[in-house]
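Report on the following structure.
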């Protein structure tokens, strides 16, 4: 479901505008939920009653500390009210680009546009205030070129793959800080280097960075069809150090080195551009245990018939069928296939195939489940994190381990490596084909419901801070160090 376009990039929400009024260093700690115009309870106490203000403040702080402890231990409550993500709206990428272009031209005509390609010096409060009121603030006129089709898919709202969820999170953080962005790609697989160059030429004095698909980066560095990269022969081209590889998987690279590859997780030497599923999760109604499916429902993470192939599956349909019969639970999956053999096996085992589900229906069925069971396919998936945010614990199959030290997690190969450091009641690690271990994990998960869990590093506030650090870093200085080292491909600063 899409909503009408709201031009957040150059006309930021009130949150972003108020934040800029209060701070002019983009790396300052950012608090998405509160505007500078909001007052606390003690603000309404007369200023001359200083002692009274303190007497009121101290017990309030004690109550806040108690609330924080309880909230952290118990998680957020069930049936939270539906809350939209105020930093993300779907729309038309071409219309968006045109609006950004028009606003930049207007700022130039008002003589309020300055060079923001590198982090500029802070203006006086009055000068920055004037620019913000006109939509020409420092962040508002700092542009990121999005040269990955995943950003366009996220903006259009037509795709819910892990890559798109990652891109949506990145756009949300740009909006939260009031940064501007333009799209060089209109859909996934659109490796449009010429459009990237066109946008660079239009906004070069304000382009801070380019986040691009690996194919776009490769074509810009090595392609002969257009003049993309800055060279001695093409001095007006894109500076190599501004172009970063945007990729969800661990295998992507960049000619300048791993530091120029953006990653959703802290992979070795790569630059962390973390992501948050919190804005999506908080739009969903969280089901209390007594409101969930009856009989109790366990959800399998399988997406297609191939998930059940003997060389890939951690639990066979026979194993899962045994869980259904011995524990009195429904075991369900959403398979994107019409494979008759797998369908027959599932039917014999008493498993339920929900068929193809769109993402929102998937979330509804997952939220009705008391546990989410990994099937054994390795990869980076946002779905277990979504489940944890929705009060649904995860069973993470351990696929390989050291037989002499089976509990040594450093030697584990697990379905979702990013969950390997978590423990029950949130994540249960069970060695594949261990029927008794699987049964015990399911029984414990059913008896131990959890509250909503989002790790601190994936909470939206922390992710916003991370995006600001990436955009405000000295990438030219880092590139100069690479040149001096003599390693890697040569390029022009």
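In my numbering, the protein residues as written are 152 to 644. From the three backbone atoms N, C-alpha and C, an ideal C-beta is built for every residue, glycine too. Since the model is a prediction, treat every value here as computed from it, not as a measurement.
Residue i and residue j closer than 9 angstroms at C-beta
i	j	result
residue 236	residue 434	yes
residue 566	residue 525	yes
residue 395	residue 436	no
residue 301	residue 327	no
residue 601	residue 544	yes
residue 330	residue 295	yes
residue 268	residue 359	yes
residue 347	residue 321	no
residue 449	residue 520	yes
residue 453	residue 486	yes
residue 578	residue 589	no
residue 340	residue 241	no
residue 584	residue 398	no
residue 527	residue 500	no
residue 415	residue 425	yes
residue 438	residue 542	yes
residue 627	residue 272	no
residue 275	residue 303	no
residue 551	residue 564	yes
residue 286	residue 254	yes
residue 568	residue 599	no
residue 510	residue 311	yes
residue 293	residue 258	no
residue 334	residue 244	yes
residue 592	residue 522	yes
residue 420	residue 410	yes
residue 280	residue 263	no
residue 366	residue 379	no
Proximity test, Cβ basis, 9 angstroms: residue i and chain E
i	result
residue 592	This model lacks chain E altogether, as it is built from one protein chain only.
Proximal residues to residue i (C-beta, below 6 angstroms), its chain only, five neighbours per side dropped
i	result
residue 580	547, 549
residue 325	332
residue 361	296, 298, 393, 394
residue 630	392
residue 413	395, 397, 422, 424
residue 586	470
residue 518	438, 541
residue 184	Confidence in residue 184 is poor, its pLDDT being 37 and thus under 50, which makes the residue's placement unreliable; the coordinate value appears in the next sentence. Once the five neighbours on either side are set aside, residue 184 has no close Cβ partner at all.
residue 350	296, 333, 335
residue 440	600
Close-in-space but distant-in-sequence residues of the same chain around residue i (CB under 8 angstroms, 5 per side omitted)
i	result
residue 386	643
residue 483	448, 449, 450, 451, 502, 503, 504, 505, 516, 520
residue 641	634
Per DSSP, the bridge partner or partners of residue i
i	result
residue 362	297, 395
residue 416	The partner list for residue 416 (beta bridge, DSSP) is empty, contrary to what the question assumes.
residue 331	294
residue 422	413
residue 368	Answer is none; residue 368 lacks a bridge partner.
residue 548	581
residue 389	380
residue 450	483, 523
residue 564	551
Other residues of its chain near residue i: CB distance less than 7 angstroms, five sequence neighbours each side excluded
i	result
residue 633	407, 408, 639
residue 540	428, 429, 432, 603, 604, 605
residue 382	388, 643
residue 479	446
residue 476	501
residue 305	315, 318, 319, 322
residue 261	285, 287
residue 248	333, 334
residue 468	459, 496, 497, 500, 502
residue 621	422, 424
residue 513	485
residue 356	266, 268
residue 417	423
residue 313	399, 531, 532, 533
**Study point:** Runs of beta strand (DSSP E) wholly within the segment 459 to 540 (minimum 3 residues, chain order)
**Key:** 481 to 484, 522 to 524
Point to revise | Stretch-stretch touch, CB-based, cutoff 8 angstroms, three pairs: the segment 594 to 612 with the segment 491 to 503 | key: no
Check your understanding: Using 8 angstroms as the threshold, is the segment 336 to 350 in touch with the segment 268 to 278, meaning 3 or more CB pairs across them?
Key -> no
Point to revise | Runs of alpha helix (DSSP H) lying entirely within the segment 234 to 266, each at least 4 residues, in chain order | key: 244 to 260
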